[in-house]
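What follows is one structure encoded as structure tokens, with my remarks underneath.
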Amino acid sequence: MANLHFHYGVMAAAKSASLLITAFNLKQRGNKVELLKPKTDNRFSVDEISSRVGGLSAKATTLANLDNYTPQPDTQFILIDEIQFFSPEDIDKLVKIADSSKDLVIMCYGLLTDSNENMFPASKRLIEVGAKLHHMESNCQIDGCMRLATHNARFDENGKLITNGPPIAVGADEYRSVCRKHFAMFKNGMILEPKGK
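Take the sequence shown: its position 91, counted from the start at 1, is 100 in the working numbering, and no numbers get skipped.
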């Protein structure tokens, strides 16, 4: 069995929900589980992993990086949310942890690419080091479209696609997970209709 996993998908693919359900089921079977998240993820809580799906949440250890992180001796599973906000060096630290114990399993959850169509460095590193990949699929969030969502699209207050600047920004901008076809259409000038129209 692989001991380093990367569960990836676009925004709203229920990645955090999947992590929380997995953690719950592992704990129910008596396993020792550690939950980690990056310090930069403070959307809902500083010290919890939360999901928009059904209000699921659980306490987690928040870390700026993994430089000084060492799992507890009896830990069997480490589940990490928003892995894309860590660094490639943090991924290398996870590889060392995973390879130093035959019984420890590390499951990372996060985005593969940013809103500018670029791979996050930590996500890229997970692929480079041979993490077992699990693609979490979801549908395009444009009304009536059932295609596979492939892009994290960011829009300004006027519904125009933002294709430069910070890859992730918290604030007034709106995000939608869209298919490749719709992303190209927005890139060519189509405007996002307000929700409900």
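Quick reminder that beta carbons are idealized off the backbone N, C-alpha and C, glycines included.
Assignment of beta-bridge partners to G139 by DSSP yields no partner.
About 14 Å separates the CB atoms of V62 and A32; that is not less than 8 Å, and the two are not in contact. For F86, the enclosing beta strand (DSSP E) begins and ends at F86 to I89. Around the beta carbon of S124, 16 or more other beta carbons lie within 10 angstroms, which makes this residue buried. Excluding its 5 nearest sequence neighbours in each direction, R156 has C-beta neighbours in its own chain below 6 Å: C149 and C188, listed in chain order. Here the segment 135-152 does not lie against the segment 166-177, with fewer than 3 beta-carbon pairs under 8 Å apart. Annotation: A162 to S186 spans about 6 Å, alpha carbon to alpha carbon. In the DSSP assignment, L28 falls within the alpha helix (DSSP H) that extends over K24 to Q37.
Secondary structure of P47 (DSSP, three-state): strand. For a cut-off of 8 Å, the C-beta gap from N77 to D99 is around 11 Å, too long to register as a contact.
Of the candidates G139, S132 and G168, G168 places its Cα closest to the Cα of M199. Secondary structure in the segment 86-118: the alpha helix (DSSP H) runs of 4 residues or longer, each lying completely within the stretch, are 97-108 in chain order.
In the structure shown, the three-state DSSP call for K41 is coil.
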